[in-house]
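Residue numbers (our numbering): 7 to 333.
We put the beta carbon where it would ideally sit given N, CA and C, even for glycine.
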Ligand SMILES: [Zn+2]
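Below you can see the structure in the form of structure tokens.
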């Protein structure tokens, strides 16, 4: 079962999380494999999308925000787009568009950053968006400060967290055909909780906080992908942090934890068809029996024949509803 574990380092300004997606991840892969238009993901794309999925669940759980978190990579290589969407209830869906040939051991830059134009975007789409409100979006490149191509998704996202959230973060991510998993360690903003060092100067305080975070981040960075994929969460935390005092929270799993769910519906697709306009839809229906729309996330096919289409334009399905209204 997929699970999310949160913990604090007792008395220290550092928090952490581990996510292990098993059923949630394999459902995403099985649906893709069953899609006769696309077939299964090539292995490196699968692993990238898995790491993105684990990271998006960690980021959704980490940011105090009521709405969908969407993690996207806009690639300039054979992978044009990879998208993961996580709702506040931790339901998740993910998809990627692959246009070209890929080596079986393709690196991150070979997939999405061939000419160093690839970008990673994090969008926070509030659940109760008022009219005219735009979702918040932060964009980071897939290269470092000296334009060197980054080869780890974790580094790209660490940059984002530092730039956009001003938070020091260490991420370890890994995925294969059965598991997508991630470890996040983060320095809590100073002046926050756990102010146990009254009497010391603010400066000493800050240095102490830094040292604590650095030590724990260093321990976290020794975690190997193989360990993250194969060990259970208790074993991982014990191996890394057996000398630290962890305060652990009740893990989120099952209906309260990360799980696959797609939010597509016939009604939503109707809105999409309506936005194409009567002319466009009529011209499609001149050439074929029905308008067929497949959901990229779950593979569900929606078909609308001439009668359905007439109904859509006649009834005027109404304004596009808020995304949260149709869960
Ligand atoms: Zn769907």
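Limits of the unbroken alpha helix (DSSP H) element including residue i
i, result
"residue 149", "Segment: none, residue 149 is in no alpha helix (DSSP H) and carries neither H nor E."
"residue 23", "No alpha helix (DSSP H) holds residue 23; the beta strand (DSSP E) holding it covers 20-27."
"residue 319", "312-321"
"residue 232", "231-236"
"residue 62", "49-68"
Neighbourhood of residue i by C-beta distance below 7 Å, restricted to the same chain and skipping five residues each side
i, result
"residue 44", "38"
"residue 233", "242"
"residue 84", "104, 105, 106, 107, 108, 117"
"residue 224", "none"
"residue 157", "113, 114, 115"
Chain-order list of residues whose beta-carbon lies under 6 Å from that of residue i (same chain, five-residue window excluded)
i, result
"residue 26", "9, 187"
"residue 48", "108"
"residue 231", "180"
"residue 290", "297"
"residue 205", "Confidence is the limiting factor: at residue 205 the pLDDT is only 45, short of 50, which leaves the residue's position unreliable and the question unanswerable from this model."
"residue 100", "34, 55, 59, 90"
"residue 175", "164, 167, 192"
Proximity test, residue i beta-carbon vs ligand 3 heavy atom, cut-off 6 Å
i, result
"residue 297", "Ligand 3 is absent from the structure shown, which contains only ligand 1."
Local conformation of residue i per DSSP, three classes
i, result
"residue 115", "helix"
"residue 194", "coil"
"residue 287", "helix"
"residue 251", "coil"
"residue 173", "coil"
"residue 307", "strand"
"residue 4", "What the structure shows of the chain is the stretch from 7 to 333, and residue 4 is not part of that stretch, so it cannot be assessed."
"residue 298", "strand"
"residue 241", "helix"
"residue 220", "helix"
"residue 99", "strand"
"residue 107", "coil"
"residue 120", "coil"
"residue 269", "coil"
"residue 36", "helix"
"residue 203", "Per-residue confidence for residue 203 stands at a pLDDT of 44, beneath the threshold of 50, marking its modelled position as unreliable; no derived number is given."
"residue 262", "helix"
"residue 179", "strand"
"residue 187", "strand"
Residues of its chain near residue i, where Cβ-Cβ distance is below 8 Å and the 5 sequence neighbours each way are ignored
i, result
"residue 68", "23, 190, 192"
"residue 166", "126, 128, 144, 146"
"residue 15", "21, 22, 218, 222, 247, 250, 251, 252, 253"
"residue 198", "Note that residue 198 scores 47 on pLDDT, short of 50, meaning its location in the model is unreliable; the coordinates nonetheless yield the value given after this. Hits under 8 Å: 19."
"residue 150", "156, 161, 165"
"residue 259", "7, 8, 9, 10"
Where the beta strand (DSSP E) through residue i begins and ends
i, result
"residue 80", "73-80"
"residue 279", "That residue, residue 279, is in no beta strand (DSSP E); its alpha helix (DSSP H) goes 272-282."
"residue 125", "125-132"
"residue 91", "85-92"
Within-7 Å CB hit, residue i to chain C
i, result
"residue 124", "As a matter of chain content, chain C is missing from the structure shown, which is built from one protein chain."
Considering only heavy atoms of ligand 1, list every residue whose Cβ is less than 6 Å from one of them, following chain order.
-> 268, 270, 301, 303, 304, 306
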